[in-house]
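Per this note's numbering: the sequence shown = residues 15 to 197. Just so you know, even glycine gets a beta-carbon here, dropped at the ideal spot from N, CA and C. What follows is a short report on a single structure.
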Amino acid sequence: MARSDYTIEQMISAKAIAARVEALAREISAHFADSDKLVVVGLLRGSFVFIADLVREITLPVEVDFLEASSYGDATESSREVRILKDLRGEIAGRDVLVVEDIVDTGFTLHHVLTLLRARGPRRLEVCALLDKPSRREAEVRATWTGFVIPDEFVVGYGIDFAQRNRNLPFIGKVRFADPAPG
Ligand code: IMP
Ligand code: MG
């Protein structure tokens with residue numbers, strides 16, 4: 015049910031995102047300062063812009079890996095079933111791991127991914143999420159660092175899509191539908 019009758023209203027500017035990413039990277043660098051092996055794990059596809067900016071502000075040696083989990087189809091409703099579509103290439107046992115997520119919504123995706131990764135015995139496992147929609151939370155999960163807490167709006171841009179579109183917007187915007195959603 016991909017709808018084309020919508021407009022996008024800016025919610026967080028590119029400038030505000032850049033400032034927040036820099037601050038997050040500073041906290042992350044301080045937290046893992048004693049680490050010589052930080053593995054930054056991006057959850058595909060929504061985190062690809064965020065992780066690219068974030069790792070360039072982190073002042074520690076990092077390794078970058080990706081994991082793809084599915085929770086959304088092309089609709090705006092989350093499904094509880096989480097499948098791993100692409101696993102990590104590297105080992106994380108005994109290593110310091112930072113999971114980078116675009117949005118924590120119901121929390122099912124992150125909960126599933128953290129359970130999977132924790133079972134592999136990382137030394138430390140932390141999460142940095144760009145956005146958090148706490149009002150929608152159903153699974154018990156919290157990011158260590160959050161960029162912005164936002165209300166229950168469907169957002170796009172800065173890597174985040176609606177039906178695979180709008181990932182290339184430099185800002186984060188909320189989707190405004192032209193007419194009320196059908197039943
Ligand atoms: P959760 O399992 O409900 O927490 O879903 C998290 C995932 O759903 C995020 O990583 C996004 O890919 C997607 N998602 C949640 N909210 C939005 C949104 O407002 N716009 C686009 N994707 C979203
Ligand atoms: Mg995602």
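Cβ-Cβ separation between Leu139 and Leu131: approximately 6 angstroms, consistent with a contact (criterion under 8 angstroms).
Looking at Cys142, Val63, Glu152, the one whose alpha-carbon comes closest to that of Phe162 is Cys142. For Ala44, the enclosing alpha helix (DSSP H) stretches over residues 28-45. Within the chosen limit of 6 angstroms, the ligand IMP does not reach the beta carbon of Thr73 with any heavy atom. Secondary structure note for Thr123: its alpha helix (DSSP H) is the uninterrupted segment 122-132. Bounds of any beta strand (DSSP E) do not take in Asp67; it lies within the alpha helix (DSSP H) bounded by 62-69. Comparing alpha-carbon positions, the option among Arg137, Asp101, Arg59, Leu144 lying closest to Ala32 turns out to be Leu144. In this structure the region 98-106 does not lie against the region 177-184, because fewer than three pairs of beta carbons, one per stretch, are closer than 8 angstroms. In the DSSP assignment, Ser84 falls within the beta strand (DSSP E) that extends over 76-84. The beta-carbon distance between Leu57 and Ala83, rounded to whole angstroms, is 6 angstroms. This is short enough to meet the 8 angstroms contact definition. Going by C-alpha positions, Arg40 is about 43 angstroms away from Asp193.
Contact check for Met25 against Ile186 passes: the beta carbons are separated by less than 7 angstroms. Closer than 6 angstroms to some heavy atom of the ligand IMP: that describes the Cβ of Val118. A Cβ-Cβ separation of about 6 angstroms places Val114 in contact with Phe64 under the 8 angstroms criterion.
Exposure of Ser18 is indicated by the presence of fewer than 16 other C-beta atoms within 10 angstroms of its C-beta. In the DSSP annotation of this structure, the continuous segment of the beta strand (DSSP E) that includes Asp110 starts and ends at 110-118. Take the alpha-carbon of Glu77 and the one of Leu52: they are about 6 angstroms apart.
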